[in-house]
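In this note's numbering, the protein residues as written are 886 to 1342. Each residue gets a CB set at the ideal place from its N, CA and C atoms; glycine is no exception. Please read the structure below before turning to the comments.
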Ligand SMILES: Cc1ncc(COP(=O)(O)O)c(C=O)c1O
């Protein structure tokens, strides 16, 4: 593509994105695509000759768009949000335009230093002034924290696990499955992962049971190593008792990681900062601006009390990467598993500056109000039942029996007018309605409730 054609077509693509953000998508938010349907329409072989970008775009509109789940549509209430925004898109575009690989300070000083300053800004916004870096996802952040904890206890990087006293890991039964994956990948073995029950009322981890499990493991000759508290669990946004977990971690010299992948964003509101109370006593913390802070996927922030612990687990300096300033600069390749790193700080910089902290707070506050309003409707309708009081941005509700709940969710999703997802809690099939789309307004939420009310049996 010639540069002039790029300029012209690029402007058309930006226009299209601006229209998409302004008007939304006029088809279903959740496509009724059958497995293999997209694949069947794509040529088996790549084109031998160059095709115009306009042709690719036409195919994007006809082949891709109708089979896309519209995550940034205000009718999307499934899972947790993965937001974009105008500023986030522009920051990402500039990152693509520069095409920088920020693996080391020297490979692009601005990439490293802007990332450092963004971490300072977020630390200020969250009242958690630690150092840190941007990872791709919370799954990676948890994995990194676990590796750091492991290397504090034993030099597995050098010696492997062969001679080690078994190291045990703890998280709530409601913790995200990325904890389990991290345990696999870091070599602990799932049999040494303890899932601590949550209390039946709000699904928060039972710290007394955690303390008991730790004591039993010590008595059995194991080395309790790592605990993850979750602030805002995936199923119901339950909040683990971070202070009580911190007491246990401090008493037993264990690494304490706080996973606030979704909920961390809410803590930028002064009235919601309490959700992170106790986190300052932990060793590491992560949250995803790509979920609720209007920063295009991917962008997960890992903050650590001791960067040296993280670097001990992952710093490596082969000859071909050595550079003159290594002793005085940060090389973020030492803070995670990958060598290559995208210039993600640009989109955070755009987002925080173009919204302003107050603008971000206004949006989050509005989403929390929508959540409360929706929960009030569920409470007032005799055929719908709240499973638990919503803690953050997600309402979990069910009907009298599981079959009816499932049928309701299917009917809503089949309508194409909204997209909901489910979980199972207290052995019940539960619909989750998660608020937080950048384009969502109270009017959209009222429309959703109208749709649900019409479809109720
Ligand atoms: C509490 C929690 N932790 C971790 C994750 C994993 O997030 P990611 O996709 O960034 O790895 C999720 C995803 O929804 C989550 O809800």
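Beta bridge pairing from DSSP links residue 1056 with 1080 and 1113.
Ranked by Cα distance from residue 1248, the options 1321, 1211 and 1287 are led by 1321. Between ligand 1 and the CB of residue 897, the shortest heavy atom gap is not smaller than 7 angstroms.
Contact between the region 1152 to 1164 and the region 1238 to 1253 is present: three or more C-beta pairs spanning the two stretches fall below 8 angstroms.
The beta-carbon distance between residue 1137 and residue 1109, rounded to whole angstroms, is 5 angstroms. This is short enough to meet the 8 angstroms contact definition.
The C-beta separation of residue 1272 from residue 1311 comes to about 7 angstroms, placing the pair in contact by the 8 angstroms criterion.
If you check the C-beta of residue 1172 against ligand 1, you find no heavy atom less than 7 angstroms away.
The residue from 1122, 934 and 954 with its alpha-carbon nearest to that of residue 1308 is 1122. Scanning its chain for C-beta atoms nearer than 8 angstroms, with the 5 sequence neighbours on each side dropped, one finds around residue 1158 the residues 1011, 1012 and 1152, in chain order. Not one heavy atom of ligand 1 falls within 7 angstroms of the beta-carbon of residue 963. For residue 975, the closest C-alpha among the options 1104, 989, 1223 and 1232 is that of 1232. Take the alpha-carbon of residue 1101 and the one of residue 1029: they are about 27 angstroms apart. If only uninterrupted alpha helix (DSSP H) runs of at least 4 residues are considered, those enclosed by the region 1251 to 1328 are 1287 to 1300. Residue 1143 carries a strand assignment under DSSP once its states are collapsed to helix, strand and coil. Judged by DSSP secondary structure, residue 1188 falls within the beta strand (DSSP E) whose first and last residues are 1185 to 1189. Relative to ligand 1, the nearest heavy atom lies less than 7 angstroms away from the CB of residue 1063. Residue 901 counts as exposed, since fewer than 16 other beta carbons sit within 10 angstroms of its beta carbon. A distance of 8 angstroms or more separates the beta carbons of residue 1130 and residue 1180. Distances taken from the Cβ of residue 1024 to the heavy atoms of ligand 1 include one shorter than 7 angstroms. Taking non-hydrogen atoms of ligand 1 into account, the C-beta of residue 1147 is found less than 7 angstroms away from one of them. For residue 1020, the enclosing beta strand (DSSP E) stretches over residues 1016 to 1020. CA-to-CA, the gap between residue 1001 and residue 1018 works out to about 7 angstroms. Ranked by Cα distance from residue 1134, the options 1205, 1056, 1251 and 1160 are led by 1056. Less than 8 angstroms separates the beta-carbon of residue 1290 from that of residue 1316. Buried is the label assigned to residue 1176, since at least 16 other Cβ atoms lie within 10 Å of its Cβ. Ranked by Cα distance from residue 1127, the options 1089, 1053, 1240 and 1105 are led by 1089. Its Cα nearest to that of residue 1187, the residue 1021 stands out among 1239, 931, 1021 and 1266. By the neighbour-count criterion, in which 16 or more other beta carbons inside 10 Å mark a residue as buried, residue 1304 falls on the buried side. Within its own chain, the residues whose Cβ lies closer than 7 angstroms to the Cβ of residue 986, once the five positions on either side in sequence are excluded, are 992, 1225 and 1226, listed in chain order. Between residue 1268 and residue 1284, the CB-CB gap stays under 8 angstroms. In this structure, residue 1116 and residue 1079 do not form a Cβ contact; the two beta carbons are roughly 19 angstroms apart against a cut-off of 8 angstroms. DSSP, reduced to helix, strand and coil, places residue 1107 outside both helices and strands of the structure shown, so it counts as coil. Contact check for residue 1327 against residue 1252 fails: the beta carbons are separated by 8 angstroms or more.
Judged by pairs of C-beta atoms under 8 angstroms, the region 931 to 938 does not touch the region 1198 to 1207, as fewer than three such pairs exist.
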